[in-house]
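Asks: Residue numbers 21 to 502, in my numbering, belong to the letters of the sequence shown in order. Ideal placement from N, C-alpha and C gives every residue a C-beta, glycine not left out. Keep in mind the model is a prediction, meaning the values are calculated, not measured. Sending over a structure as structure tokens; questions will come in a sec.
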Amino acid sequence: MTDEPTTSKVSDGTTPLSVDVRASAIVRWAILIRILLAIRFLPSDLDQYFHSSALGSVLIRPVYTPNQIREAIALRNLFSPVQFKNSYLGNEIDLPPLLLAIVEPLVQISSSVYVQHIIFGLFLLVVDFVIARKLEQIMTRLFEAQDVNTQWENRLQKLLPEKIQPKLSHTFPIEYGQGGSYNTTTSIIERKNLPGLIGLVYFASPITILASSCFGCFQSFRVVLLLSAFYEILRPQGSAVLTAAFVAFAVQINPHLMVFLVPITFMCSSRRSITVLALSFFLVSAYLFGLPYSFIGAPRFLEVMFHTLGSGLRLSGASPSMSIFWYTQMQLFLRFGTYFQVLLAGLPFLIVVPTAIRLYRYPITMIGIFWFAWILLQPVSTLYDLNVGLCFFAMSPRSLARVNGMVCLVALFALCIPTILVVLLYWMWLEVGNGEANFLFFQCLAYNIFLLVLLLQFVHASVGRDKALCLAEKREKECIKS
Numbered sequence: 021m022t023d024e025p026t027t028s029k030v031s032d033g034t035t036p037l038s039v040d041v042r043a044s045a046i047v048r049w050a051i052l053i054r055i056l057l058a059i060r061f062l063p064s065d066l067d068q069y070f071h072s073s074a075l076g077s078v079l080i081r082p083v084y085t086p087n088q089i090r091e092a093i094a095l096r097n098l099f100s101p102v103q104f105k106n107s108y109l110g111n112e113i114d115l116p117p118l119l120l121a122i123v124e125p126l127v128q129i130s131s132s133v134y135v136q137h138i139i140f141g142l143f144l145l146v147v148d149f150v151i152a153r154k155l156e157q158i159m160t161r162l163f164e165a166q167d168v169n170t171q172w173e174n175r176l177q178k179l180l181p182e183k184i185q186p187k188l189s190h191t192f193p194i195e196y197g198q199g200g201s202y203n204t205t206t207s208i209i210e211r212k213n214l215p216g217l218i219g220l221v222y223f224a225s226p227i228t229i230l231a232s233s234c235f236g237c238f239q240s241f242r243v244v245l246l247l248s249a250f251y252e253i254l255r256p257q258g259s260a261v262l263t264a265a266f267v268a269f270a271v272q273i274n275p276h277l278m279v280f281l282v283p284i285t286f287m288c289s290s291r292r293s294i295t296v297l298a299l300s301f302f303l304v305s306a307y308l309f310g311l312p313y314s315f316i317g318a319p320r321f322l323e324v325m326f327h328t329l330g331s332g333l334r335l336s337g338a339s340p341s342m343s344i345f346w347y348t349q350m351q352l353f354l355r356f357g358t359y360f361q362v363l364l365a366g367l368p369f370l371i372v373v374p375t376a377i378r379l380y381r382y383p384i385t386m387i388g389i390f391w392f393a394w395i396l397l398q399p400v401s402t403l404y405d406l407n408v409g410l411c412f413f414a415m416s417p418r419s420l421a422r423v424n425g426m427v428c429l430v431a432l433f434a435l436c437i438p439t440i441l442v443v444l445l446y447w448m449w450l451e452v453g454n455g456e457a458n459f460l461f462f463q464c465l466a467y468n469i470f471l472l473v474l475l476l477q478f479v480h481a482s483v484g485r486d487k488a489l490c491l492a493e494k495r496e497k498e499c500i501k502s
């Protein structure tokens, strides 16, 4: 999030939407609001709504909260002697052992829940700022990149016939600068301001603020690891070993994240880098997987690891949320559970190969598609993941310039309706006790349908982008021959 004020005008004299002098003020206000929420400055009557389980059901994944850590410590203290491995007796804790060992010291600093709330709120403020900064750096690097695919698209973009030009090129920047410079465009969102705008949207979003400051949810750990991997591989002198280490750590939190190795592979500059990346990922993953053995022990090590890493694949025991997993669990007979568990858990992996074959030139676009597909099929779907997914979509402005703007706007604004109703119906059903669960199920289905519309629009636009460029390349070759 750049603090430098930027105001510029395009050729027709209009002022474009940009990260202007208000950006710094927005960042400062976002930080202030986060601090006030972390110290629970609000009156108790209002504060209870911000920390209600109904609101948390759409914002956070319960497994990544301080409550899960406190529960693990409480279980451990029931046995003598007190040992780390006792936290996993009974398979009540879903938090991976490695992640528990890392974040547990934040809880042990003080026995006061209030002080713990402040510590997590301030710590996650820093994490979210790093994520916003990484988003900005990655987008800036993409605009400055001069790899083969970028040069190929820059050249062919100018040769496209008028009929297949992006319809929203007046909104999103489609021309990337040469040699790290930015050319003047007529798009409403200026190219030089888009990186800072993406970071600002993430950091100042009420979704991110509430999830981190009110609930202390450290689900953002996965995101900061993935973004660190993307940025490292995009750097001119980036390390494939360090990139593999970031992804391996993220996979230890959630195994589904290994699909992002595919777009990272396409970002590699040489075959040697791909070999180093694959070998490093295998070795680091094996080390991180075996590391908890030292504090869990032989008898139950594999059982604990498969239970925690596989918690994101189970239908049984899913908590009420906007996820299609939970909706499926509540609507199906128990005997069909295994079938749909394998189906829903496997679908994000099934789309990897066809997407990679069709869109191998656009690894950032693949990242957005993989993330959104994972949102649709993960056990707990949250608005935080949606917010991150929209940031990933914004990192592919050339694809966004080809979407059906009206359809996407309708789907995006329509998401507000099931989201609000999920919070209301959750409160009526599980807290007050006068609600009807079937209404909540329908909102889950509606929410995921709108998400699917956004994903299909983005995929359709990305494929159309590739088709248009291939057509321009074909015409270019025909002109050279003639």
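Scan the region 413 to 440 and note each continuous alpha helix (DSSP H) run of 4 residues or more that stays entirely inside, going in chain order.
Replies: Listed in chain order, the complete alpha helix (DSSP H) runs (minimum 4 residues) inside the region 413 to 440 are 417 to 420 and 425 to 434.
Asks: Under a Cβ-count criterion, where at least 16 other Cβ atoms within 10 Å of its own Cβ denotes burial, should GLU112 be classed as buried or exposed?
Replies: With fewer than 16 Cβ atoms within 10 Å of its Cβ, GLU112 is classed as exposed.
Asks: Rounded to whole angstroms, what is the Cα-Cα separation between VAL443 and GLY76?
Replies: Taking the straight line from one Cα to the other gives about 8 Å.
Asks: Secondary structure at ILE209, three-state DSSP: helix, strand or coil?
Replies: If DSSP states are grouped into helix, strand and coil, ILE209 belongs with the strands.
Asks: Using a threshold of 8 Å, state whether the C-beta atoms of VAL78 and THR402 are closer than that.
Replies: Cβ atoms of VAL78 and THR402: closer than 8 Å.
Asks: If you follow the alpha helix (DSSP H) that MET287 is in, where does it begin and where does it stop?
Replies: Looking at the DSSP string, the run of the alpha helix (DSSP H) that includes MET287 is 281 to 287.
Asks: Can you name the start and end residues of the alpha helix (DSSP H) that TRP172 belongs to?
Replies: That run of the alpha helix (DSSP H) goes 168 to 177.
Asks: With a threshold of 7 Å on Cβ separation, who are the neighbours of VAL123 within its own chain once the five nearest residues in sequence on each side are excluded?
Replies: Correct list, in chain order: ILE89 and PHE238.
Asks: By DSSP, does LYS187 sit in helix, in strand, or in coil?
Replies: Of the three classes helix, strand and coil, the one that applies to LYS187 here is coil, per DSSP.
Asks: Straight-line CA distance for ALA50 to LEU57?
Replies: Their backbone Cα atoms lie some 11 Å apart in a straight line.
Asks: Could you compute how far the alpha carbon of GLU323 sits from the alpha carbon of PHE280?
Replies: Whole-angstrom Cα-Cα distance: 26 Å.
Asks: So PHE470 packs on ALA434, CB below 8 Å; how close in whole Å?
Replies: With 8 Å as the limit, PHE470 and ALA434 qualify as a contact, their Cβ atoms being about 5 Å apart.
Asks: Can you confirm whether the region 473 to 482 touches the region 411 to 425 when touching is taken to mean that 3 or more C-beta pairs between the two stretches lie within less than 8 Å?
Replies: In short, these stretches touch, since the Cβ pair count reaches three.
Asks: Are the region 115 to 130 and the region 149 to 164 touching, with three or more C-beta to C-beta distances below 8 Å?
Replies: Judged by Cβ distances under 8 Å, the region 115 to 130 makes no contact with the region 149 to 164, as fewer than three pairs qualify.
Asks: Could you check whether the region 266 to 278 touches the region 219 to 238, counting it as contact only if at least three pairs of C-beta atoms, one from each stretch, sit closer than 8 Å?
Replies: No, the region 266 to 278 does not touch the region 219 to 238.
Asks: For ASP486, does the three-state DSSP call read helix, strand or coil?
Replies: ASP486 falls in the helix class under three-state DSSP.
Asks: In whole angstroms, what is the alpha-carbon distance linking ALA306 and LEU299?
Replies: Cα to Cα, ALA306 sits roughly 11 Å from LEU299.
Asks: Using a Cβ-Cβ cutoff of less than 6 Å, which residues in the same chain neighbour TYR108 once the five nearest sequence positions on both sides are dropped?
Replies: Same-chain partners within the cutoff: VAL324.
Asks: Mind checking which residues open and close the alpha helix (DSSP H) that includes TRP394?
Replies: Run containing TRP394: 383 to 397, per the alpha helix (DSSP H) assignment.
Asks: Among PRO256, ILE53 and LEU329, which residue has its Cα nearest to the Cα of LEU145?
Replies: Among PRO256, ILE53 and LEU329, the Cα nearest to that of LEU145 is on ILE53.
Asks: Is ILE139 helix, strand or coil by DSSP?
Replies: Correct three-state label for ILE139: helix.
Asks: Can you give me the C-alpha to C-alpha distance between GLU493 and ASN174, rounded to a whole angstrom?
Replies: Cα to Cα, GLU493 sits roughly 12 Å from ASN174.
Asks: In angstroms, rounded to a whole number, what distance separates the CA positions of THR85 and VAL362?
Replies: When rounded, the distance between both Cα atoms is 27 Å.
Asks: Along the chain, where does the alpha helix (DSSP H) containing ARG291 start, and where does it finish?
Replies: Looking at the DSSP string, the run of the alpha helix (DSSP H) that includes ARG291 is 291 to 310.
Asks: If you follow the alpha helix (DSSP H) that PHE223 is part of, which residue opens it and which one closes it?
Replies: First-last of the alpha helix (DSSP H) with PHE223: 214 to 223.
Asks: Have a look at ILE139 and ILE129 and give me their C-alpha separation to the nearest angstrom.
Replies: Computed Cα separation, rounded: 9 Å.
Asks: DSSP state of ARG355, grouped into three classes?
Replies: Correct three-state label for ARG355: helix.
Asks: Hey, how far is the Cα of ALA552 from the Cα of PHE143?
Replies: Absent from the model: residue 552. The displayed extent of the chain is 21 to 502, so no value can be given.
Asks: So, PRO340 versus LEU450, is the Cβ gap smaller than 8 Å?
Replies: Yes, these two residues count as a Cβ contact at 8 Å.
Asks: Starting from GLU182 and walking both ways along the alpha helix (DSSP H), at which residues does that stretch end?
Replies: Segment: none, GLU182 is in no alpha helix (DSSP H) and carries neither H nor E.
Asks: Please check the pair PHE412 and ILE387, which I expect to be a contact at CB under 8 Å, by giving their CB distance rounded to whole angstroms.
Replies: Going by Cβ atoms, the distance from PHE412 to ILE387 rounds to 6 Å, so yes, they are a contact pair.
Asks: Can you give me the C-alpha to C-alpha distance between LYS187 and ARG485, rounded to a whole angstrom?
Replies: Cα to Cα, the separation comes out at about 11 Å.
Asks: For ARG242, which residues from the same chain have a beta carbon less than 7 Å from its beta carbon, with the 5 sequence-adjacent residues on both sides left out?
Replies: Closer than 7 Å at the Cβ level, and outside the excluded window around ARG242, lie ALA270, ILE273, ASN274 and LEU277.
Asks: Applying the criterion that 16 or more other CB atoms from any shown protein chain within 10 Å of the CB defines a buried residue, is SER232 buried or exposed?
Replies: SER232 comes out buried.
Asks: Just the C-alpha distance for PHE461 and ILE395, rounded to the nearest angstrom, thanks.
Replies: Using only the alpha carbons, I get a separation of about 17 Å.
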